[in-house]
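Chains as they are written, first to last, in my numbering: chain A, 9 to 200; chain B, 24 to 163.
Ideal Cβ placement from N, Cα and C applies to all residues, glycine included.
Just below is one structure, and these are the notes that go with it.
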């Protein structure tokens, strides 16, 4: 089980690192960086990924805290998605494909498959650990790649305003992880 | 405000009792009018405390890009009411960091939650959904 969790966390890190370190990103940052349409595409894909993970958690987990967290992720990221799509429409920006976006989609499929193979406490832990890794890397990529490369000031502002949301999700996920750890420890203690 | 109403109600009740006693005294022939130059003792006075309603906005600050309770720190008095208004596009909560003094549950977008301060103290609080959103309520 530990190996599953480690794999999932590693995948999450890879997924999100792809935003910052994929060959496409690197070559783009050496020249002009991702374009605004590509940035919108990356943000939409990352949002969709977390919504998909949340839906999976809601269908598989029976833990109240995990389910509530997943419901919040679906709600918040759907709100953010609408906000990004509304801004893109207003600015006349059509989301564009990029190598980064393709990497994210591929990795997302892998993560979902791995999560889908788990159940019970193993699933809860893997899902929450994945959320922690995911949000850490999204915050890092947004600050170091997306914001600096956004040309449109409104888009740049929207990205900046998304950071506290991601930070809030990260801290919430860390609290849930601590709670799962405590409940696991007390359950183990009572069994002896 | 609510307490103020209670005070007023008490005052009205006290006045009624006083008037009733006066009527009984008159009916019994025991009323003695003050003579000229005699000091008349004023009836006791009652203070009416006006409690305030304070508003705290829950927002995403555009300039600093952070979730905020605005004002971040609020000083009130016992009996005052605080109303937290969710002006953000995300749900939030008002939850004590220690103890259970503040426990709003989820405050939907566009909705509010009210709390009347009943005890003095400093109450740090946060949003359980976005724990990076923090505020402090000081009750004196």
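| Asked | Found |
| --- | --- |
| Assign residue 91 of chain B to one of three DSSP states: helix, strand, or coil. | strand |
| Examine chain A for any beta-carbon lying closer than 8 Å to the beta-carbon of residue 131 of chain B, and answer yes or no. | no |
| In chain B, what lies closer than 9 Å to residue 179 of chain A by C-beta? | 153, 154 and 155 |
| Taking one C-beta from the segment 75-93 of chain A and one from the segment 111-119 of chain B each time, how about it: are there three or more such pairs within less than 8 Å? | yes |
| For residue 53 of chain A and residue 95 of chain B, I'd like the C-alpha separation in whole angstroms. | 34 Å |
| Across which residues does DSSP place residue 146 of chain B in a beta bridge pair? | B:160 |
| Runs of 4 residues minimum, wholly inside the segment 101-140 of chain A: which ones carry the alpha helix (DSSP H) assignment? | 107-124 |
| So residue 99 of chain A is in the alpha helix (DSSP H); what residue range does that whole segment cover? | 72-99 |
| Who are the Cβ neighbours of residue 136 of chain A in its own chain at under 8 Å, not counting the five residues just before and after it? | 74, 77, 181, 184, 185 and 188 |
| Closer than 8 Å by beta-carbon distance: list the chain A residues that pair up with residue 85 of chain B, in chain order. | 165 and 169 |
| Pick from A:72, A:92, A:128 and A:130: whose alpha carbon is nearest that of residue 48 of chain A? | A:92 |
| With DSSP run on the structure shown, which of helix, strand or coil describes residue 187 of chain A? | helix |
| Closer than 8 Å is the cut-off here; do at least three beta carbon pairs connect the segment 115-123 of chain A with the segment 167-179 of chain A? | no |
| Are the CB atoms of residue 155 of chain B and residue 175 of chain A nearer to each other than 8 Å? | yes |
| Just to confirm, is the Cβ distance from residue 74 of chain B to residue 97 of chain B under 8 Å? | no |
| When you compare the CB positions of residue 93 of chain B and residue 101 of chain B, do they come within less than 8 Å of one another, or not? | no |
| In angstroms, rounded to a whole number, what distance separates the CA positions of residue 159 of chain A and residue 150 of chain B? | 33 Å |
| Would you list, in chain order, the members of the segment 130-149 of chain A that have their beta-carbon closer than 9 Å to a beta-carbon of chain B? | none |
| How many angstroms separate the CA atom of residue 132 of chain A from the CA atom of residue 58 of chain A? | 15 Å |
| How about residue 89 of chain B: is its C-beta nearer than 8 Å to some C-beta of chain A? | yes |
| Assuming residue 50 of chain A is part of the beta strand (DSSP E), what are its boundary residues? | Looking at the DSSP string, residue 50 of chain A is not in any beta strand (DSSP E); the run it does join, the alpha helix (DSSP H), is 44-68. |
| Could you work out which residues of chain B lie near residue 176 of chain A, taking near to mean beta carbons separated by less than 9 Å? | 90, 113, 150, 152, 153, 154, 155 and 156 |
| Pull up the DSSP beta-bridge partners for residue 82 of chain B, would you. | B:91 |
| Using a Cβ-Cβ cutoff of less than 7 Å, which residues in the same chain neighbour residue 71 of chain A once the five nearest sequence positions on both sides are dropped? | 132 |
| So is residue 127 of chain A buried or exposed if we call it buried at 16+ other beta carbons inside 10 Å? | exposed |
| Quick one: which chain B residues come within Cβ less than 7 Å of residue 172 of chain A? | 83, 88, 89, 90 and 155 |
| State the DSSP-derived secondary structure class of residue 127 of chain B, mapped to helix, strand or coil. | coil |
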